[in-house]
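As they're listed, the protein sequences go chains A and B.
Heads up: the first sequence runs through residues 0 to 82, numbered per numbering that gives the first Met the number 0.
Heads up: the second sequence runs through residues 0 to 519, numbered per numbering that gives the first Met the number 0.
Structure first, commentary second.
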Amino acid sequence: MEQQAIHDVVKKYILTEFLPGEDPDELTDDTPLVTTGILDSLATLKLVTFLEQKFNITVEAHEADIENLNTLALISRLVHGKL
Amino acid sequence: MTLHGYLDHSVARFASKTAIREPGGAITYGELGELSDRLRNRLVHLGVRPGDRVGIYLGKSIDTVAVIFGILKTGAAYVPVDPTAPPTRNAYILNNCSVKVAVTEKRFEEALRRELAREGSTPALIVLDQVGGGDGLRGALRAAGAEAPAPATPSVYPDADALAYILYTSGSTGRPKGVILSHRNATSFVDWCSETFAPVPADVFSSHAPFHFDLSILDIYTPLKHGATLALIPEDVGKEPQKLAQLIHDTCITVWYSTPSILSLLVQYGKLETYDLSHIRTVLFAGEVFPIVHLKALHKILPKPRYFNLYGPTETNVCTFYELPPEIPVDRADPFPIGVVCSHLESTVVDEGGNDVPRGERGELCISGPSVTSGYWSLPEQTAKAYLDAGPHAVAGRWYKTGDIVTEAADGNYTYAGRKDRMVKKRGYRVELGEIESCLYRHPDIREAAVVALPDEALGMKVRAHLATRDGTRLSLIKLKAFCAQHLPVYMIPDVFSFHAELPKTSTEKTDYQTLMKME
């Protein structure tokens with residue numbers, strides 16, 4: 000799967016699950032997600048579970064951190080690197 | 000007795016034993032004693048005197064514990080701030096209690112200097128390149144010593160009523176307020192822990208809570224008093240259940256202490272059942288109600304340890320406790336009681352006039368005894384309001400009003416029934432809904448803001464902000480959350496935002512919170 004396609008799937012999930020009613024244009028590739036509380040600890044766990052099931056990958060415990068999950072761009076890169 | 004007296008005692012008996020362990024590092028009692036002595040010398044050289052305050056703005060590490068003891072050894076008090084909170088808030092705190100020196104890390108230095116200058120405050124800074132294993136502190140002391148040696152000075156052992164530390168909690172007026180704690184406040188509690196949990200040198204205590212949170216008092220001082228080992232859990236690992244489960248296993252933790260939130264996450268996502276965790280002998284939790292469904296699940300995976308529900312605000316530290324029965328009845332649906340008053344304290348339940356209510360009736364829990372704080376830093380009015388000022392107890396000693404409504408059962412156990420005011424607990428943290436509202440009112444587009452807390456099955460508590468904007472349009476959630484993140488710690492940022500043309504009012508034109516609780 001192309002990185003852009005991954006990006007679109009993840010973006011849609013975050014908008015639906017954690018930002019209901021938000022204008023999709025406001026969620027850019029570099030919007031910080033963890034440091035703004037959009038992804039709190041429980042939301043992060045839900046997102047990781049979603050990524051694992053949707054893309055049939057395994058996200059190791061040490062990978063589920065701010066360096067890999069703080070923006071859409073980082074999340075897409077993490078998933079793409081595992082396919 | 001002083002808090003650093005505990006460390007001296009263990010240094011003398013257990014010099015070569017491991018005092019603290021963290022991922023990638025460890026320090027012995029002898030080394031911890033020596034490193035904190037060197038910081039003491041440096042602080043005294045910088046002008047710190049008994050009664051002064053010294054700020055701590057550091058990631059959680061061995062270095063930080065050494066800094067705590069270095070400060071205490073000067074006879075000064077330590078003021079730990081949340082390294083993940085906005086620098087604006089932290090600079091406010093350090094200026095509010097006028098710290099003479101602050102110890103920080105390079106990564107925070109620039110923002111801290113800028114925000115302190117804005118507050119008009121200029122404490123001396125000791126800047127560590129980074130923290131870990133005590134090496135950051137050693138490096139900073141070496142560099143400072145090369146410029147100007149700090150002569151050795153003896154430790155100061157102040158009176159037990161001297162200030163030992165200040166912990167800032169959410170304040171209803173929109174600014175954090177500092178709870179002032181003396182050595183006696185802390186040691187009377189730690190000595191109760193000794194009596195109740197019988198620590199031994201072979202124990203490994205978890206340190207999950209950050210140091211600006213009062214759970215850290217049990218974590219730090221109980222094991223170090225008894226020559227046991229303190230296992231530090233860094234901020235990032237602490238929030239990730241899988242890493243955390245691995246760490247609990249690898250460091251052979253015997254006594255666990257945290258908020259129920261993190262235990263709930265561990266049960267759901269930590270894959271606990273895949274580890275041999277038979278080394279855990281005691282599980283302590285405090286800070287909020289433990290949802291019974293997750294507690295039952297935890298007990299099923301780990302049936303062997305003793306479980307204690309500890310209760311108490313920062314102003315008293317733990318003041319009641321309840322030991323769970325060895326078996327939890329399958330049909331139990333209510334949370335467990337907060338228990339009976341600790342042996343070093345006294346408790347009473349009063350009505351609004353300060354009179355005792357009959358056993359079984361609802362009333363406010365009030366606590367008296369050596370671990371009860373003398374009040375808040377530089378807030379005489381809020382301090383006065385915190386203690387009973389009416390009824391028969393008002394004249395007989397100092398009774399702290401917890402703000403928690405309880406009922407007392409026939410066996411003496413208290414059951415928590417709710418709050419008297421607008422403070423809520425989220426992930427164990429105290430959150431004054433008024434402080435969130437103050438933040439939202441700083442937003443130029445917001446005309447009205449009212450914040451309510453609602454029960455939530457997954458999160459325990461969900462904070463919803465009801466807003467009316469100046470031009471009646473919705474604001475971007477992302478921009479709103481980013482705005483809040485500049486002023487509030489992440490756990491205080493509302494989970495949900497709702498937009499309305501205007502907010503409902505009562506007949507006296509006050510915000511109608513009862514109606515807001517029911518609104519989407």
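Note that CB positions come from ideal geometry on N, CA and C, so glycine has one too.
Since this is a predicted model, take the numbers as computed values, not measurements.
8 Å contact criterion, which residue i and residue j should meet: CB distance rounded
i       : j       : result
A185(B) : A163(B) : 6 Å
L309(B) : V317(B) : 5 Å
E21(B)  : S60(B)  : 6 Å
G177(B) : D62(B)  : Not a contact, Cβ separation roughly 23 Å.
V199(B) : T228(B) : Wrong, their Cβ atoms sit about 11 Å apart, outside the cutoff.
I216(B) : V78(B)  : With 8 Å as the limit, I216(B) and V78(B) do not qualify as a contact, their Cβ atoms being about 14 Å apart.
I232(B) : L223(B) : 16 Å between Cβ atoms; not a contact.
D388(B) : E363(B) : Incorrect: roughly 13 Å between the Cβ atoms, too far for contact.
E345(B) : G368(B) : 6 Å
L31(B)  : A65(B)  : 6 Å
G69(B)  : L38(B)  : 3 Å
L432(B) : M516(B) : At roughly 12 Å, the Cβ-Cβ gap does not stay under 8 Å, so L432(B) and M516(B) are not in contact.
L26(A)  : L18(A)  : 7 Å
Exposed unless 16 or more other CB atoms sit within 10 angstroms - verdict on residue i
i       : result
Q241(B) : buried
I354(B) : Inspection of the sequence shows that residue 354(B) is occupied by Asn rather than by Ile. N354(B) is exposed by the Cβ-count criterion.
V462(B) : buried
T15(A)  : exposed
G46(B)  : exposed
M0(A)   : exposed
K72(B)  : buried
T258(B) : buried
M422(B) : buried
P86(B)  : buried
A448(B) : buried
L140(B) : buried
S154(B) : buried
L82(A)  : exposed
P150(B) : exposed
G384(B) : The amino acid occupying residue 384(B) in the given sequence is Lys; Gly does not appear at that position. Under this definition K384(B) is an exposed residue.
A116(B) : exposed
E351(B) : exposed
Y440(B) : exposed
R12(B)  : exposed
R522(B) : As shown, chain B starts at 0 and ends at 519. That puts residue 522(B) outside it, with no answer to give.
S187(B) : buried
For residue i, the nearest candidate out of the options (CA to CA)
i       : options                               : result
E104(B) : I92(B), R88(B) and V80(B)             : V80(B)
H182(B) : P357(B), G237(B) and D190(B)          : D190(B)
Y321(B) : L262(B), D218(B) and Y415(B)          : Y415(B)
A285(B) : Q267(B), T406(B), T87(B) and P312(B)  : P312(B)
P290(B) : I92(B), G427(B) and E114(B)           : G427(B)
P82(B)  : A65(B), V130(B) and L38(B)            : V130(B)
T472(B) : K419(B), D249(B) and A500(B)          : A500(B)
V495(B) : Q513(B), H225(B) and M460(B)          : M460(B)
A332(B) : I55(B), H293(B) and V102(B)           : H293(B)
D24(A)  : K504(B), K478(B) and N94(B)           : K478(B)
D158(B) : Q381(B), K517(B) and M0(B)            : M0(B)
D36(B)  : R137(B), T221(B) and H225(B)          : R137(B)
V356(B) : E407(B), L115(B) and I219(B)          : E407(B)
C251(B) : H211(B), A201(B), L214(B) and E234(B) : A201(B)
I67(B)  : F196(B), D420(B), A143(B) and Y220(B) : Y220(B)
P49(B)  : Y156(B), P391(B), L34(B) and L432(B)  : Y156(B)
A84(B)  : T273(B), E146(B), Q513(B) and Y490(B) : Y490(B)
Contact set for residue i: own chain, Cβ-Cβ below 6 Å, skip 5 residues either direction
i       : result
Y306(B) : V282 and L323
T315(B) : I366, S370, V371 and Y399
Same chain, Cβ closer than 7 Å to residue i, five either side skipped, listed in chain order
i       : result
K303(B) : S277
V8(A)   : K53
I492(B) : K480, C483 and A484
R52(B)  : A75, A76, V78, C96, S97, V98, K99 and I165
T168(B) : P175, K176, V178, T313 and R429
R469(B) : D444 and R446
T505(B) : D511
I279(B) : I252, T253, W255, L301 and P304
Interface flag, residue i vs chain C, CB-CB below 7 Å
i       : result
Q241(B) : Within the model displayed, chain C is absent; protein chains A and B are what it includes.
Cβ-based neighbour list, residue i, same chain, cut-off 8 Å, excluding 5 preceding and 5 following
i       : result
Q2(A)   : S75, R76 and H79
H211(B) : P79, V80, D81, L166 and Y167
Can you list, in chain order, the residues of the stretch 244-257 of chain B whose Cβ is nearer than 9 Å to any Cβ on chain A?
-> Residues A244 and Q245.
Could you name the residues of the stretch 226-237 of chain B whose beta carbon sits closer than 7 Å to any beta carbon of chain A, in the order they occur along the chain?
-> Within the stretch 226-237 of chain B, the residues whose Cβ lies closer than 7 Å to some Cβ of chain A are D235, listed in chain order.
For the stretch 258-272 of chain B, which residues have a CB atom closer than 7 Å to at least one CB atom of chain A, in sequence order?
-> Listed by position, the residues of the stretch 258-272 of chain B near chain A (Cβ gap below 7 Å) are L264 and Y268.
In chain order, what residues of the stretch 25-41 of chain A put their CB closer than 8 Å to some CB of chain B?
-> Hits within the stretch, in order: E25, L26, T30, P31, T34, T35, G36, I37, D39, S40 and L41.
Looking at chain B, which residues of the stretch 64-76 of chain A have a Cβ within less than 9 Å of any of its Cβ atoms?
-> Cβ contacts with chain B: D64 and I65.
What residues in the stretch 435-450 of chain B have a beta carbon less than 8 Å from any beta carbon of chain A?
-> So nothing in the stretch comes that close.
Going along the chain, which residues of the stretch 468-481 of chain B sit with their C-beta nearer than 8 Å to a C-beta in chain A?
-> Those would be R473, S475, L476, I477, K478, K480 and A481, in chain order.
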